[in-house]
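If you read the sequence shown in my numbering, its first letter stands for residue 473, the second for the next number, and so on.
A virtual CB, placed ideally from N, CA and C, is assigned to each residue, including glycine.
Reading through the structure tokens given below for one structure.
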Amino acid sequence: MVHNDVTVDRKAIAETYFKRMDAGEDFLGLFADNAYVCFPKHEPARGIAEIKQLFADVFVLFSSIVHEVPYFNYVQQGDYVVVEGITHGVLADGTRWRATEGLGGRFCNVFEVRDGRIQRLHIYLDPDYGDADAGRYPWLR
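This is the structure:
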């Protein structure tokens, strides 16, 4: 179902999600109570408690992460905002990555935003930011 609520700036909500996350600020308030989040290699999360746990599980991988918001590409249609972007940062083990220099750090997120809240978020990326899994792919040898 598509709601064309012109008063909701879906792109701004998506940007706020990334900016708050990078600043270590609360971003869970952007989600609806029964929101659904899907992240690669993790069980999908439904509801704020499960979403909080999903992000807690993922954040232990990082010392820092920066989403390069000025370089994002956006596609918007109805309730949906698709964000394609790049990141850089430091993994918990000290490994640094930058999307423009290695394989990790490129992503595409699909947000469904209704009534000013994120209802659904699918995160598409390779969670191997530090290229540690390169041995399984012959074209990387």
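Here's the rule I'm using: 16 or more other beta-carbon atoms within 10 Å means buried, otherwise exposed. How should residue i be labelled?
i    : result
V553 : buried
G557 : buried
Y543 : exposed
D498 : exposed
A484 : exposed
C551 : The amino acid occupying residue 551 in the given sequence is Asp; Cys does not appear at that position. Flag for D551 reads buried.
R482 : buried
Per DSSP, residue i is paired with what?
i    : result
S536 : V562
E487 : In DSSP, E487 forms no bridge with anything.
Y601 : In DSSP, Y601 forms no bridge with anything.
I590 : F503, V585
A517 : V509
Among residues of its own chain, excluding the 5 on either side of residue i, which ones have a beta-carbon nearer than 6 angstroms to its beta-carbon?
i    : result
L439 : The requested residue 439 does not occur in the structure, where the chain is confined to residues 473 to 613.
A486 : V553, V555, F583
C510 : P516, H594
V480 : G588
Going by the beta-carbon positions, is the gap between residue i and residue j smaller than 8 angstroms?
i    : j    : result
G577 : D603 : no
W569 : Y601 : yes
E573 : T559 : no
Y508 : R592 : yes
H514 : L526 : yes
Could you pull out every residue in the same chain whose Cβ sits closer than 7 angstroms to the Cβ of residue i, ignoring the five residues on either side in sequence?
i    : result
F503 : I520, I523, R589, I590
L500 : I520, I523, K524
S536 : G561, V562
M473 : Because M473 sits at a pLDDT of 47, beneath the cut-off of 50, its placement in the model cannot be relied upon, and the following sentence gives the value as read from the coordinates. None.
If you drop the 5 nearest sequence neighbours on each side, which residues of the same chain put their C-beta closer than 8 angstroms to that of residue i?
i    : result
D598 : P512, L575, G576, R578
Does the ligand SAM have a heavy atom nearer than 7 angstroms to the CB of residue i?
i    : result
T572 : No copy of the ligand SAM appears in this structure; indeed no ligand is present at all.
Stretch pair the segment 480–494 + the segment 563–577: three plus CB contacts closer than 8 angstroms: Fewer than three pairs of CB atoms, one per stretch, sit closer than 8 angstroms, so the segment 480–494 makes no contact with the segment 563–577.
Under 8 angstroms: do the segment 513–530 and the segment 565–585 share three or more Cβ pairs, one atom per stretch? No: fewer than three Cβ pairs fall under 8 angstroms.
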